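Visitor: My questions will all concern the structure given below.
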Amino acid sequence: RAFDLMCSHAVRREVAPGRALAEMQTVQNWVAESRAEIDSARLMVLQAADRIDREGQYAARDAVSLIKFHVAGMLQRVLDRAIQAHGAMGMTDELPLAFWYRHERAARIYDGPDEVHKWSVARRILARYG
Numbered sequence: 002r003a004f005d006l007m008c009s010h011a012v013r014r015e016v017a018p019g020r021a022l023a024e025m026q027t028v029q030n031w032v033a034e035s036r037a038e039i040d041s042a043r044l045m046v047l048q049a050a051d052r053i054d055r056e057g058q059y060a061a062r063d064a065v066s067l068i069k070f071h072v073a074g075m076l077q078r079v080l081d082r083a084i085q086a087h088g089a090m091g092m093t094d095e096l097p098l099a100f101w102y103r104h105e106r107a108a109r110i111y112d113g114p115d116e117v118h119k120w121s122v123a124r125r126i127l128a129r130y131g
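Going by the working numbering, the first residue of the sequence shown is number 2, and it counts up by one from there.
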């Protein structure tokens, strides 16, 4: 939804007479990067769910740990871009963006720091090489 808010605002917001925010290259980069990151995160989740269905949750623990830090980071980046595209309005309670950003950041703490998930995955991956 943050992506949709960013895109609809960029198309409607005029930054100069006859020139929309969406025409700025930086904003176009934000849109492309966000779309790619959202799609890759969805594919990671689908792949992990498929593995859980086929092999059980223990077999998918690396995939789940990867999702926990990668998807959380993606969400934070997309929210940050959406807030930036909205300017000061993005930080107010007039839009849900700042609320989502605060709660997303907190979730990355109470679900275990990213570093713990990265360490856990890396340790298991490296064990296969040793």
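No residue lacks a Cβ here, since even glycine has one placed at the ideal position from N, Cα and C.
Small disclaimer: the values here were computed from a predicted structure and weren't measured.
Are the CB atoms of residue 42 and residue 90 nearer to each other than 7 Å?
Guide: For residue 42 and residue 90, no; Cβs fall outside 7 Å.
Visitor: Is residue 90 close to chain D, meaning its C-beta is less than 7 Å from at least one C-beta of that chain?
Guide: Although the question refers to chain D, the structure presented lacks it and comprises just one protein chain.
Visitor: By a C-beta neighbour count over all protein chains shown, 10 Å radius and 16 as the cutoff for buried, is residue 120 buried or exposed?
Guide: That one is exposed.
Visitor: Grouping DSSP H, G and I as helix and E and B as strand, with all else coil, what is residue 20?
Guide: DSSP places residue 20 in strand when its eight states are reduced to three.
Visitor: Would residue 126 be called buried (16 or more neighbouring beta carbons within 10 Å of its own) or exposed?
Guide: Result: exposed.
Visitor: Quick check on the burial criterion: 16 or more other C-beta atoms within 10 angstroms. Buried or exposed for residue 102?
Guide: Buried, by the Cβ-count rule.
Visitor: Rounded C-beta distance between residue 22 and residue 96? I'm assuming under 8 Å.
Guide: Wrong, their Cβ atoms sit about 15 Å apart, outside the cutoff.
Visitor: Going by the DSSP bridge assignment, what does residue 38 pair with across the sheet?
Guide: For residue 38, which the question treats as bridged, DSSP gives no partner whatsoever.
Visitor: Please go through the same chain and pick out, in chain order, the residues whose beta-carbon is closer than 8 Å to the beta-carbon of residue 77, but skip the five residues on each side of it.
Guide: Closer than 8 Å at the Cβ level, and outside the excluded window around residue 77, lie 102, 105, 106, 109.
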